[in-house]
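Enquirer: To start, I am sharing the structure in question, which I have written as structure tokens.
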Amino acid sequence: MSRILIIEDEDKIARFIELELSHEGYETAKAADGRSGLAEAEKGGYDLIILDIMLPELNGIEVLRRLRRESDVPVILLTARDSVTDKVTGLDMGANDYITKPFAIEELLARIRVILRSSEARSGRAGAKEDLLEAGGISLNPDSHEVTYQGEPVELTNREFILLRILLENRGVAMTREKLLSEAWGYDYYGETNIIDVYVRYIRQKTADDVIKTIRGVGYMIG
Ligand code: CA
């Protein structure tokens with residue numbers, strides 16, 4: 023069953039799309055602003071994302087820009103107005119398609135089917151090969167969320183997982199606590215950067231002390 027994430031702040035529209043999609047047999051989830059939508063999308067596990075452009079917190083274009091740094095999940099943009107700029111920017115940013123509000127649900131469903139068919143064909147061709155992030159004995163699968171250390175499975179909480187993933191993605195780069203915080207959770211703790219120290223400690227306890235290096239005066243680094 024395909025999983026679809028709906029990022030839309032207008033509750034009526036979001037619920038309407040959700041109802042129609044579940045009626046068609048899709049599994050759905052919703053987010054009502056850009057920030058939580060991005061966080062949900064980054065967890066992975068979605069086959070397609072329906073992304074409104076006009077969103078509070080982060081607009082849809084910004085959500086797409088950040089999402090595309092790490093994910094090629096298909097995205098259909100919803101544009102409230104007939105703005106050519108939004109559409110062009112959206113497609114440039116890697117949206118797969120867009121649809122202008124108000125739209126007929128049948129049109130949205132048809133576009134979803136087209137995109138899911140082509141992405142299924144693509145993943146079939148690519149085989150089951152997954153992009154593992156690896157360094158220092160750690161192996162992390164961004165899709166399945168499986169983590170191993172020296173071949174043994176490691177159970178991480180969601181936050182530990184995200185932090186480890188960011189460090190691995192930036193392998194060889196010393197990351198400040200501020201940078202890690204904003205990359206990991208996308209919002210400010212206003213000075214509570216020591217929360218990063220806490221999660222680093224947890225990850226070390228579950229793996230080994232030297233998996234994450236402390237860079238004095240800067241922050242942390244892997245590799
Ligand atoms: Ca909106």
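In my numbering, the protein residues as written are 23 to 245. C-beta: ideal position from N, C-alpha, C; glycine also.
Go ahead and pull the three-state DSSP assignment for Lys123.
Expert: Reduced to three states, the DSSP call for Lys123 is coil.
Enquirer: At which residue ranges does the stretch 38–126 contain complete beta strand (DSSP E) runs of 3 or more residues, listed in the order of the chain?
Expert: Taking only runs of at least 3 residues, the beta strand (DSSP E) segments lying wholly in the stretch 38–126 are 49–53, 70–74, 97–101 and 119–122.
Enquirer: Please confirm whether Asp94 and Asp31 have their CB atoms less than 8 Å apart.
Expert: Not in contact: Asp94 and Asp31 (Cβ atoms no closer than 8 Å).
Enquirer: Can you look up Thr229 in the DSSP assignment and give me helix, strand or coil?
Expert: Looking at Thr229 - three-state DSSP - the assignment turns out to be coil, as it is neither helix nor strand.
Enquirer: Using 8 Å as the threshold, is the stretch 77–87 in touch with the stretch 103–120, meaning 3 or more CB pairs across them?
Expert: Yes, they touch.
Enquirer: With a threshold of 8 Å, are at least 3 pairs of Cβ atoms found where one atom belongs to the stretch 161–169 and the other to the stretch 132–141?
Expert: Not touching, per the Cβ criterion.
Enquirer: Mind reading off the beta-carbon distance from Met23 to Glu49? Whole number of angstroms is fine, and I expect it under 8 Å.
Expert: About 5 Å separates the two Cβ atoms, so the contact holds.
Enquirer: Measure the Cβ-Cβ separation of Leu70 and Ala53 and say whether it is below 8 Å.
Expert: No; because the gap between Cβ atoms is not below 8 Å, this pair is not in contact.
Enquirer: Can you give me the start and stop residues for the alpha helix (DSSP H) that Arg181 sits inside?
Expert: Asn180 to Glu191 is the span of the alpha helix (DSSP H), which, as asked, contains Arg181.
Enquirer: Run the CB neighbour count on Ile218, radius 10 Å, all protein chains shown included, and call it buried at 16 or more, exposed below.
Expert: Looking at its Cβ environment, which holds 16 or more other Cβ atoms inside 10 Å, Ile218 is buried.
Enquirer: Any heavy atom of ligand 1 inside 7 Å of the beta-carbon of Met243?
Expert: Result no, Cβ not under 7 Å from ligand 1.
Enquirer: When the distance is taken between beta carbons, is Thr107 closer than 8 Å to Lys123?
Expert: Not in contact: Lys123 and Thr107 (Cβ atoms no closer than 8 Å).
Enquirer: Ligand 2 and Glu79: does the residue's C-beta get closer than 7 Å to at least one heavy atom of that ligand?
Expert: With respect to small molecules bound, the structure shown includes ligand 1 and not ligand 2.
Enquirer: Spell out the partners DSSP gives Thr236 in its beta bridges.
Expert: According to DSSP, which records beta bridges pairwise, Thr236 is partnered with Tyr242.
Enquirer: Skipping 5 residues on each side, what residues in its chain have a beta carbon closer than 6 Å to that of Ser141?
Expert: Cβ within range, chain order: Pro96.
Enquirer: In three-state terms, what does DSSP make of Glu156?
Expert: Note: Glu156 maps to strand in three-state DSSP.
Enquirer: Who are the Cβ neighbours of Glu191 in its own chain at under 8 Å, not counting the five residues just before and after it?
Expert: Contacts found: Glu92 and Leu155.
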